Amino acid sequence: MQQCLPCKCYRNEEGGKMIIVDTANHIAALAAKMARPHVIAAYPITPQTTIVERLAEYVEKGELNAEYIRVESEHSAMAACIAAAATGARTFTATSSHGLLLMHEMLHWAGLARLPVVMVNVNRAIGPGWNIWSDLNDSLAQRDTGWIQFYASSNQEVFDSVIQAYKIAENEEVLLPAMVSYDGFILSHTSMPVEVPEQSKIDEFLPDFKPGWILDVENPITHGNIVPPEPYMEIRYSMQKAMDKAKKVIEEVGEEYGKKFGREYGLVEEYRCENADYVIVAMAAMAAEAKVAVDELRQKGEKVGLLKLRTFRPFPHERLKYDKMIVIDRDICPGLGGIVYNEIKGNGSEIYGFIAGLGGVDVSYKDIERMYELAKEGKEGWYPIEVK
Amino acid sequence: MVSNRGEIMAIKDLPTDEYILKGHAACPGCPATIALRITLKALGKKTILIVPACCSAVIQALHPHTAFNVPTLNIAFEASAAAASGVAAALKMLEKKDVLPVVWAGDGGSYDIGLQALSGALERGTDFIYICYNNQMYSNTGIQRSGATPYGAWTTTTWTGKKERQKELAEIVMAHHIPYVATATIAYPEDLYEKMKKAKEMKGPRYIEILSPCPPGWRFDMSKTVEMSKLAVETGAWVLYEVINGELKFTGYSKRILEGKERKPIEEWLKMQGRFRHLKPEDIEEIKRQLDEKWEHYKKIYGGKE
Chain A
1 MQQCLPCKCY RNEEGGKMII VDTANHIAAL AAKMARPHVI AAYPITPQTT
51 IVERLAEYVE KGELNAEYIR VESEHSAMAA CIAAAATGAR TFTATSSHGL
101 LLMHEMLHWA GLARLPVVMV NVNRAIGPGW NIWSDLNDSL AQRDTGWIQF
151 YASSNQEVFD SVIQAYKIAE NEEVLLPAMV SYDGFILSHT SMPVEVPEQS
201 KIDEFLPDFK PGWILDVENP ITHGNIVPPE PYMEIRYSMQ KAMDKAKKVI
251 EEVGEEYGKK FGREYGLVEE YRCENADYVI VAMAAMAAEA KVAVDELRQK
301 GEKVGLLKLR TFRPFPHERL KYDKMIVIDR DICPGLGGIV YNEIKGNGSE
351 IYGFIAGLGG VDVSYKDIER MYELAKEGKE GWYPIEVK
Chain B
389 MVSNRGEIMA IKDLPTDEYI LKGHAACPGC PATIALRITL KALGKKTILI
439 VPACCSAVIQ ALHPHTAFNV PTLNIAFEAS AAAASGVAAA LKMLEKKDVL
489 PVVWAGDGGS YDIGLQALSG ALERGTDFIY ICYNNQMYSN TGIQRSGATP
539 YGAWTTTTWT GKKERQKELA EIVMAHHIPY VATATIAYPE DLYEKMKKAK
589 EMKGPRYIEI LSPCPPGWRF DMSKTVEMSK LAVETGAWVL YEVINGELKF
639 TGYSKRILEG KERKPIEEWL KMQGRFRHLK PEDIEEIKRQ LDEKWEHYKK
689 IYGGKE
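Chains A and B, in that order, give the protein sequences. My numbering applies: residue 1 is where the first sequence begins, and numbers increase by one. My numbering applies: residue 389 is where the second sequence begins, and numbers increase by one.
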């Protein structure tokens, strides 16, 4: 392989495969560009900003033929994406934390309008006090908005998931918006090698957007006027059915992606779960760290595996059927507990829940090994405040 | 009648095309419906309407029906101008260059909750027309005070009369250096039509505000909508003008006032409305003082001193 500087890309002489070493934010911008969106509406917020900076550069340099709307808020970013999608455009935006919270009303709007807007959210804690580090509470607080939610554990997965998100969201059986989330700084500002397919192969995989409905002067429709109770409930029911169908579509698209590009995806990733007495459940960067912990523990003879939740909405309940599970939440629902833990609780399994890493507290594989030991002793709780 | 272009045109000359169909849900005497009917006659079929929460979201009629014969996107209260930016961007990318995004919003959605998005869309040069039909209150939620409610007016959130003056949104809009700003009201349909036509021919952000006297909100008889609208102009409570590339020109009766015609006494307009019934003589004096101050300002503009 040869490295070409300064763009840090590696080119394989035989296959033409390109490896780029860059941050998750730049990789997300590249994936968005390769999905060929018509309209990007964006507003800066740490730690997402370098995504929208890079996209503005692509557009201004003529590398991406898109309209870039420099909105005055995230609420307007989502409103603009919704309206552009309703006019028939493929859309993209990116945000974090307070930006995502400001969008909340419009996230529901995109879901109920059944518009396949694709967004990247870089997970960041919520203030006060101001904290720019990783915490999944921002996106998990959007769990009821009707958005498909993916969580990525590596920069490669960020790239692959953004491309797949469009194909899944735009599937005629789904037609729901999709969000790809990953940890602020841990991924967003960390360079990793990423294999990037050729544009022509991405184009083959991701055909042009065929909208479910559009605002068309030749066929005028009114979208979103007053709706009586019964048809409103039908709209809600059809969303639920679309989420159910999305499970199948996510698996199919992940499999097709695997056949085409060599990396297969699904609702979850099971790692060394065979004969496991305990299965650790984690998502985002925590899941990558948990993989290391599983390897270390397996080396010591412990029968432990990892179930990485790639998809949080739709929630893959049917894949969480292990007898003993250790759920690590980098999030908290005050008054209830860990959000992922509570999604799973009550399924008949023996479950140990840990709250860890909020506001960017570092959680290493050593900490995860310790949580495993604590769970074996029957302990659970806030790590390391209550149990350590 | 003499239109603001100086051409002779009467109501009977308006196009016969109808984009507001029968069966809409507006109150009898609703000014918003009259204004939208004339507006769409001027803008025509190739219009995409963006409507935030306001009376017009209800006027459209119940899903799955609609009384609007142009494609219409309903959007959240504060988001209509941002949505227009999205529609405009998509139309450009999809090469539908002859289609025009038009926001149709009330004063609540323009003066108050939607002001940020409006300012953003104007500043970034979105190619659209923003129309504020101003009935000087939140009428859809049942007559609450807005930033456009005049001093002294009763609303369900100002039981003893509003204690503050209304702001001048069109003047805030002018500070964005956009190509076209105009005011209108339904009593002068040919003036409204001409201003819409003029806006349609231009590019970039265009803003038109239409005074829309609301019978249930202002507490007057539903048969008096047009008279109320006309009297607002004749008393100087509402002013008609247009601003083309920064140059302000008064139009219609407002121009005549500046040429020397006396304003009718404001009491004539106030006494027709139940919302001003409680006013004491000193309140009326304060309204007159504010009005004189406003017209002194207009005189300076008219005389080229400002």
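Glycine residues also receive a C-beta, built at the ideal position from the N, C-alpha and C atoms. Computed from a predicted model, the values in this text were never measured in an experiment.
Query, Result
"Per DSSP, cross-strand counterpart(s) of Arg313(A)", "Gln149(A)"
"Contact the region 167-185 of chain A vs the region 145-153 of chain A: 3+ CB pairs below 8 Å", "yes"
"Bridge partner(s) assigned by DSSP for Val631(B)", "Val569(B), Leu636(B)"
"Collapsed DSSP secondary structure at Tyr595(B) in the structure displayed", "strand"
"Limits of the alpha helix (DSSP H) - the one that Pro489(B) falls within", "Looking at the DSSP string, Pro489(B) is not in any alpha helix (DSSP H); the run it does join, the beta strand (DSSP E), is 488-494."
"Contact belief for Cys390(A) with Thr91(A) at Cβ below 8 Å, rounded distance in angstroms", "Outside the displayed span of chain A (1 to 388) sits residue 390(A), for which this structure offers no information."
"Residues near Gly530(B) in its chain [Cβ-Cβ closer than 7 Å; skip 5 each side]", "Thr544"
"Per-residue contacts from Thr222(A) into chain B (C-beta, under 7 Å)", "Gln448, Thr454, Phe456, Thr460"
"Burial state of Met233(A) (16 or more Cβ within 10 Å)", "exposed"
"Chain A residues whose Cβ lies nearer than 8 Å to that of Gly640(B)", "Here the premise fails: no neighbours, minimum Cβ distance about 32 Å."
"Cα-Cα separation, Gly337(A) to Val279(A)", "20 Å"
"Inter-residue spacing [alpha-carbon to alpha-carbon] between Glu483(B) and Ala86(A)", "15 Å"
"Cross-chain neighbours of Gln661(B) in chain A, by beta carbon under 9 Å", "The premise fails here: Gln661(B) is roughly 29 Å from chain A at the closest Cβ pair, so nothing lies under 9 Å."
"Ser191(A), enclosing beta strand (DSSP E) - first and last residue", "191-196"
"Alpha-carbon to alpha-carbon, Lys687(B) and Glu647(B)", "9 Å"
"Chain-ordered residues of the region 510-541 of chain B with a beta carbon less than 9 Å from chain A", "Glu511, Arg512, Thr514"
"Bridge-paired residues (DSSP) for Lys308(A)", "Glu269(A), Ala282(A)"
"Neighbourhood of Lys551(B) by C-beta distance below 8 Å, restricted to the same chain and skipping five residues each side", "Tyr539"
"Bounding residues of the beta strand (DSSP E) (the contiguous stretch that carries Tyr257(A))", "First-last for Tyr257(A): 229-261, but that is the alpha helix (DSSP H), not the beta strand (DSSP E)."
"Cβ distance (whole Å) where Val614(B) is taken to contact Ala575(B) below 8 Å", "5 Å"
"Nearest candidate by alpha-carbon position, reference Tyr322(A), set Gly266(A), Ile328(A), Ala276(A)", "Ala276(A)"
"Met325(A) - partner residues in DSSP beta bridges", "Val279(A), Ile351(A)"
"Contacts that Ala441(B) makes with chain A (C-beta to C-beta distance below 7 Å)", "In chain order: nothing, as chain A lies at least about 10 Å away."
"contact_flag[the region 252-271 of chain A, the region 160-171 of chain A] where n(CB pairs < 8 Å) is 3 or more", "yes"
"Whole runs of the beta strand (DSSP E) within the region 108-177 of chain A, excluding any shorter than 3 residues", "118-123, 148-151"
"Coil, strand or helix - Met389(B) by DSSP", "Reliability of the predicted coordinates at Met389(B) is poor, the pLDDT of 44 falling under 50, and the value obtained from them is presented with this limitation in mind. Looking at Met389(B) - three-state DSSP - the assignment turns out to be coil, as it is neither helix nor strand."
"Positions along the region 37-62 of chain A whose CB lies within less than 8 Å of some CB in chain B", "His38, Val39, Ala41"
"Pairwise C-alpha distance: Phe664(B) and Ala113(A)", "42 Å"
"Chain B residues whose Cβ lies nearer than 7 Å to that of Met106(A)", "Ala464, Ala467"
"Start and end residues, alpha helix (DSSP H) containing Ile27(A)", "24-34"
"Proximity to Gly474(B) [Cα-Cα], best of Ala509(B), Cys418(B), Pro419(B)", "Ala509(B)"
"Residues, ordered as in the chain, of the region 72-92 of chain A that lie near chain B by beta-carbon distance below 7 Å", "Glu72, Ser73, His75, Ser76, Ala79, Ala80, Cys81, Ile82, Ala83, Ala84, Ala86, Thr87, Gly88, Ala89"
"Identity of the residue in Leu30(A), Asp138(A), Pro314(A), Val327(A) nearest His104(A) by Cα", "Asp138(A)"
"Chain B contacts made by the region 216-243 of chain A, where a contact means CB separation under 7 Å", "Asp216, Val217, Pro220, Ile221, Thr222, His223, Gly224, Asn225, Ile226, Val227, Pro228, Pro231"
"Residue ranges of each beta strand (DSSP E) within the region 439-499 of chain B, 3 or longer", "460-462, 488-494"
"Beta-carbon gap between Gly624(B) and Ile645(B) smaller than 9 Å", "yes"
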